[in-house]
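Colleague:
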Amino acid sequence: MKAINESFAICGAEAVFNETIPVGQLYFPSWERYEASMRGIFERQYYTNNGPLLTKLEDKLQEFLGVKHVICVTNGTFGLMMAAEALELSGKVVLPSFTFIASAQSLNWAGVEPVFCDVDPSTHQIAIDRLDALVDDRVTGIMGVNLWGGACDPEELEQYAKGRGLKLYFDSAHAFGCEANGKKIGGFGSLEIFSFHATKVLSATEGGCVCTNDDDLANRLRSIRPSYGGVTPTDVVKVANARMSEAQAAIALLSLEDFEVNRKNNEKLFSIYDEMLSSIPGIKLIKPAGVTLSNYQYVVCEIDEENFGMSRDSLIEVLKAENVMARRYFYPGIHNSVEYRKSLPDYADSLPITDYLCGTCIQLPIGAMVDSNSVGAICKIIDKANHNSDYLQSFLAESKR
Amino acid sequence: MKKKYKIKELAILGGEKLFSIPKSTSNLLQPSIEGFLGYSKTFFDQKRYTNNGPNVKLLEERLAEFHQVKYCVTFSSGFWALVLAMQALALRGKTEIIMPSLTYRRMTDMAAWLNLKPHFCEVDPETLAMKAETVIPCINENTAIILGVHPIVNCCEVEELSAVAKKNNIPILFDSVESVYESTSSGKVGRFGNAECFSLHACKLFNGFGGGYLTTNDEELALKLGSARSFGFVGVDCVGVEGGMNAKLNEMHAAMSLASLDDVENQIAKNRARYYTYKSSLSSILGIRLLEFDEEFKTGYKNIVVEILDDWPLSRDETISILNADNVLARPYYYPPLHSKPMQYDYVPANLPVTDNLAESFLNLPCGQLVSNDEIVEIVELIRFISANARAIKESLSEVEGA
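This is the structure we're talking about:
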């Protein structure tokens with residue numbers, strides 16, 4: 083059998099891209115803006131702990147997100163750990179297993195057992211209709227996760243949690259700048275956590291924040307962070323040491339200035355993926371669900387092996403050879419990670435949708451590292467792989483022998 | 002030189018403050034901006050902002066070399082470096098962590114993140130360091146780990162403490178946050194015990210905006226912690242180390258740390274000059290003892306700690322209030338001691354008379370880049386003035402309070 087077009091890097095041809103294309107957003111300010119910000123910090127000699135840039139960033143985020151309090155932190159994971167502390171969660175907390183492992187790890191650090199819920203097969207968001215089966219007397223809260231630039235129906239979850247007297251908060255690491263029913267993500271539940279990791283639409287290299295409209299919670303969070311000066315001292319069990327530095331705040335401020343430009347760029351690139359992938363059989367682009375505005379920071383597709391002609395993992399191999407760093411995401415699902423298979427073995431076969439998605443989802447590049455042309459080229463590789471799937475499958479099988 | 006001649010000139014009695022800008026005990030050292038920008042260019046050009054980027058790798062190599070150890074692992078802070086190291090080293094199934102009470106106020110919080118119970122030990126009244134004879138009484142069948150914390154001037158007897166740990170088959174982790182540059186009779190700090198932890202906070206010798214690192218000769222430990230700081234990942238899509246989190250150092254902070262490391266000899270020279278200014282001007286004041294650096298081996302001269310002796314005419318806290326009013330932000334040395342603080346988690350109740358006594362008599366004086374040698378002379382003159390006029394100051398203060 084011969085390929086219709088033999089030029090696949092995995093078969094020895096030259097790669098489509100000279101340099102590797104990572105999947106993350108990776109927007110960053112120009113060198114001139116970076117240098118100017120850093121020189122300012124050196125002049126002020128104020129490096130961390132409630133500095134002038136951090137205070138400005140928190141004010142701007144409060145305004146942007148329409149929430150009363152924003153508490154910036156070293157990274158989103160610390161935001162999650164601090165949230166569990168501040169909310170005084172105990173016993174068990176329900177969250178989807180189809181999310182990044184840090185969501186569950188934050189609970190373990192707070193001494194809380196994660197309870198894994200399955201997700202909706204079309205939106206990938208937490209399956210609210212599965213919650214009843216999981217909520218028992220030991221469950222004290224729900225961690226909603228807003229996935230892929232979409233939202234997990236925060237209003238319905240609010241109703242659900244209220245009806246059962248459960249605390250509700252959101253891991254909104256993927257949802258900065260998104261809106262549900264015209265309302266910015268950030269103000270739902272007791273609090274929400276965003277990530278400002280370099281791979282997210284708002285970057286502080288590492289970073290994150292916790293948002294809340296509750297004054298007491300805000301004081302507790304600031305005391306756990308901790309923060310010296312300018313904070314009403316509040317008795318907390320222990321601190322987390324999760325301050326954001328002035329350097330991180332500087333990058334976040336510049337990134338916030340660029341947000342709409344970057345969001346629009348993502349939207350444009352996403353629409354190219356949408357248009358070009360829609361005609362390829364067996365690949366389904368997941369569009370941000372449950373939002374009226376998205377940041378389009380993730381391009382995630384399901385690969386139906388039968389219709390596409392090859393498995394998700396094979397497609398990743400083909401793309402990687404072309405220097406496109408496509409990846410499985412999420413994989414293998416938190417409940418199937420070594421750590422949780424050992425500590426919570428009962429979930430092994432209880433999350434069929436999550437297991438399906440972990441076996442079929444692929445994340446493709448979007449953000450600063452790609453432009454319209456490169457997205458077009460990536461889609462063409464996928465199209466070509468689909469047309470030559472039999473050839474590639476046998477080539478891959480052969481090369482593994 | 003600014004000097005006070007009448008007690009009414011003291012700020013606490015309504016006079017003008019000696020310094021318009023507060024003089025702090027935080028040792029804020031600033032590396033060269035060009036050095037920092039130079040390292041920044043590396044990650045900027047590679048578009049690698051975090052996740053084991055080029056500056057983090059270089060910093061770990063350079064720090065390992067600096068401390069003469071095989072491995073260095075960086076973290077987002079010294080706090081989490083210590084927590085993750087304790088987690089990795091503590092004996093499974095054991096519940097107690099031995100630590101001094103006269104130390105950093107967040108130390109027990111670190112233990113609490115791991116549900117380890119602090120078991121507090123005494124320190125030596127001369128050196129303020131924990132030592133074998135204060136640690137041994139705390140060892141029992143529940144001991145999971147010993148946290149060997151250096152005081153902020155000079156070091157613990159590292160070999161002696163390590164020997165106690167070894168004899169009892171208990172791991173020992175050194176908190177060497179204040180001993181970055183120090184050497185001991187057995188060599189440079191960084192290679193003792195199972196591992197040592199340091200801070201890259203802005204107020205430490207290496208200002209990295211914030212951050213921390215661990216040094217060790219134990220390859221397995223270094224690998225484990227390299228994973229634990231990054232969610233436990235041991236490979237692509239594979240979380241193989243339990244108890245992971247995100248405690249990664251970002252590239253900007255690594256760039257800052259590298260610039261600070263380049264500048265260290267220059268900073269030590271300045272610290273030394275400040276220390277000597279204190280030493281010579283304090284020597285003629287009675288009732289106050291400067292904790293002297295042991296200069297037999299390399300030392301960083303970073304912190305200025307004095308003891309208020311019995312013949313000092315005021316209490317430690319009165320002295321601090323008077324100094325603070327004049328914007329000399331002297332601080333009590335590690336106060337209150339940890340065993341006397343309310344804790345909302347388990348700990349072993351302790352009776353520590355030596356620590357209780359020491360806790361009332363030491364204070365830290367301003368240091369670091371924001372204090373010049375001339376200003377140090379002014380600070381010491383203020384202390385001399387307070388001492389010489391103590392009785393009158395006390396009377397005026399009680400009048401103010403009574404009015």
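Protein sequence lines correspond, in order, to chains Z and D.
For the first sequence, the positions run 83 to 483 when the numbering used here is used.
For the second sequence, the positions run 2 to 404 when the numbering used here is used.
Each residue gets a CB set at the ideal place from its N, CA and C atoms; glycine is no exception.
#1: Measure the C-alpha to C-alpha separation of residue 375 of chain Z and residue 264 of chain Z and round it to an integer number of angstroms.
#2: Which residues does DSSP list as the beta-bridge partners of residue 222 of chain Z?
#3: Going along the region 321-338 of chain Z in order, which residues come within less than 9 Å of chain D, judged by CB to CB distance?
#4: Using DSSP bridges, identify the partner residues of residue 346 of chain D.
#5: Grab me the residues of residue 218 of chain Z's own chain with a C-beta within less than 8 Å of its C-beta, minus the 5 sequence neighbours each way, in chain order.
#6: Hey, how far is the Cα of residue 147 of chain D from the Cα of residue 476 of chain Z?
#7: Below 7 Å between beta carbons is the criterion; list the residues of the region 181-192 of chain Z that meet it against any residue of chain D, in chain order.
#8: Listing by chain order, which chain Z residues have their CB less than 7 Å from the CB of residue 275 of chain D?
#9: Residue 247 of chain D by DSSP, collapsed to three states: which one?
#10: Can a CB atom of chain D be found closer than 8 Å to the CB of residue 179 of chain Z?
#11: How long is the line joining the alpha carbons of residue 461 of chain Z and residue 345 of chain Z, rounded to whole angstroms?
#12: Do you know how far the Cα of residue 350 of chain D is from the Cα of residue 489 of chain Z?
#13: Would you mind working out which of D:26, D:3, D:112 sits nearest residue 372 of chain D, comparing C-alpha positions?
#14: Find the residues of chain Z that neighbour residue 369 of chain D, judging by a C-beta separation of less than 7 Å, and give them in chain order.
#15: Check each residue of the region 402-421 of chain Z: if its Cβ is closer than 8 Å to any Cβ of chain D, include it; give the result in chain order.
#16: If you measure from the beta carbon of residue 99 of chain Z to each beta carbon in chain D, is any gap under 8 Å?
#17: Below 7 Å on C-beta distance, what does residue 121 of chain Z contact in chain D?
#18: Go through its chain and collect everything with a Cβ distance to residue 111 of chain D's Cβ below 8 Å, but skip five positions before and after it.
#19: Just by C-beta distance, which residues in the region 75-96 of chain D are closer than 7 Å to chain Z?
#20: For residue 120 of chain D, which residues does DSSP report across the bridge?
#21: Short of 6 Å in beta carbon distance, which residues of its chain neighbour residue 135 of chain D, apart from the five on each side in sequence? Order them along the chain.
#22: Compile a chain-ordered list of the residues in the region 146-167 of chain Z whose CB is closer than 9 Å to at least one CB of chain D.
#23: Residue ranges of each alpha helix (DSSP H) run of no fewer than 4 residues wholly in the region 219-300 of chain Z, ordered along the chain?
#24: Kindly identify the DSSP beta-bridge partner or partners of residue 567 of chain Z.
#25: Does the distance from the CB of residue 116 of chain Z to the CB of residue 41 of chain D come in under 8 Å?
#26: Label residue 327 of chain Z either buried or exposed according to how many other C-beta atoms from any shown protein chain fall within 10 Å of its C-beta, with 16 as the threshold for buried.
#27: Under 8 Å between C-beta atoms, does residue 285 of chain Z make it to chain D?
#28: Ordered along the chain, which non-local residues of its own chain (more than five positions away) have a Cβ less than 8 Å from that of residue 29 of chain D?
#29: Quick one: what's got a C-beta closer than 8 Å to residue 151 of chain D's C-beta in the same chain, skipping five residues either side?
#30: For the region 346-375 of chain D, enumerate the residues whose C-beta is nearer than 9 Å to any C-beta of chain Z, in chain order.
#31: Please compile the residues from chain D whose C-beta is within a distance smaller than 8 Å of the C-beta of residue 130 of chain Z.
#32: Starting from residue 108 of chain Z, find everything on chain D with Cβ-Cβ shorter than 8 Å and list it in chain order.
#33: Could you name the residues of the same chain whose beta carbon sits closer than 8 Å to that of residue 18 of chain D, not counting the 5 residues immediately before and after it, in chain order?
#34: So, helix, strand or coil for residue 151 of chain Z, using DSSP?
#35: Kindly say whether residue 438 of chain Z, judged by its beta-carbon, lies nearer than 8 Å to any beta-carbon of chain D.
#36: Can you confirm whether residue 124 of chain Z, when its beta carbon is compared against all beta carbons of chain D, has any partner nearer than 8 Å?
Modeller: On the basis of the coordinates in this document:
#1: Their Cα atoms are separated by approximately 8 Å.
#2: Residue 222 of chain Z is not bridged to any residue.
#3: Going along the region 321-338 of chain Z in chain order, one finds 321, 322, 323, 324, 325, 326, 327, 328, 329, 330, 332, 333 with a Cβ nearer than 9 Å to chain D.
#4: Residue 346 of chain D is not bridged to any residue.
#5: These residues qualify, in order along the chain: 174.
#6: Residue 147 of chain D and residue 476 of chain Z: Cα-Cα distance of roughly 58 Å.
#7: Only those residues of the region 181-192 of chain Z whose C-beta falls short of 7 Å from the nearest C-beta of chain D are listed: 183, 184, 187, 191.
#8: Ordered by position in chain Z, no residue passes the 7 Å Cβ test against residue 275 of chain D, which lies about 17 Å from the chain.
#9: Here residue 247 of chain D sits in strand by DSSP.
#10: Judged by the 8 Å Cβ criterion, residue 179 of chain Z is not in contact with chain D.
#11: Going by the C-alpha atoms only, they are around 21 Å apart.
#12: Beyond the ends of chain Z as shown, which are 83 and 483, falls residue 489 of chain Z; an answer cannot be given.
#13: Of the candidates D:26, D:3, D:112, the one whose C-alpha sits nearest the C-alpha of residue 372 of chain D is D:26.
#14: Within 7 Å Cβ-Cβ: nothing; residue 369 of chain D doesn't reach chain Z, min ~10 Å.
#15: Only those residues of the region 402-421 of chain Z whose C-beta falls short of 8 Å from the nearest C-beta of chain D are listed: 409, 410, 413, 414, 419, 420, 421.
#16: Look at residue 99 of chain Z: its C-beta is not under 8 Å from any C-beta on chain D.
#17: Per Cβ cutoff of 7 Å: 34.
#18: Cβ neighbours of residue 111 of chain D within its own chain (closer than 8 Å, five residues either side excluded): 80, 83, 84, 87.
#19: Within the region 75-96 of chain D, the residues whose Cβ lies closer than 7 Å to some Cβ of chain Z are 77, 78, 80, 81, listed in chain order.
#20: D:99, D:349, per the DSSP bridge assignment.
#21: By the criterion of a C-beta distance shorter than 6 Å, residue 135 of chain D is surrounded in its chain by 122, 123, once the five residues flanking it on both sides are discounted.
#22: Answer in chain order: 156, 157, 158, 159, 160, 163.
#23: The qualifying runs are 236-245.
#24: The question about residue 567 of chain Z has no answer, for chain Z in this structure spans 83 to 483.
#25: Taking 8 Å as the Cβ cut-off, residue 116 of chain Z and residue 41 of chain D qualify as a contacting pair.
#26: Sixteen is the threshold: when 16 or more other Cβ atoms of the shown chains lie within 10 Å of the Cβ of residue 327 of chain Z, as they do, the residue is buried.
#27: Residue 285 of chain Z counts as touching chain D.
#28: Listed in chain order, the non-local C-beta contacts of residue 29 of chain D below 8 Å within the same chain comprise 203, 204, 208, 369, 370, 371, local neighbours out to five positions each way being set aside.
#29: Spatial neighbours of residue 151 of chain D in its own chain (CB-CB distance under 8 Å, excluding positions within 5 residues in sequence) are listed in chain order as 130, 157, 175, 176, 177, 178, 179, 180, 183, 190.
#30: Sequence-ordered contacts of the region 346-375 of chain D with chain Z read 346, 370, 371 [C-beta pairs closer than 9 Å].
#31: Scanning chain D for C-beta atoms nearer than 8 Å to the C-beta of residue 130 of chain Z yields 202, 203, 210, 211, reported in chain order.
#32: Going along chain D in sequence order, the residues near residue 108 of chain Z (Cβ under 8 Å) are 48, 50.
#33: A distance below 8 Å between beta-carbons, with the five flanking residues on each side excluded, links residue 18 of chain D to the following residues of its chain, in chain order: 12, 326, 327, 328.
#34: Three-state DSSP puts residue 151 of chain Z in a strand.
#35: At a cut-off of 8 Å, the C-beta of residue 438 of chain Z has no neighbouring C-beta in chain D.
#36: When Cβ-Cβ separations below 8 Å define contact, residue 124 of chain Z makes contact with chain D.
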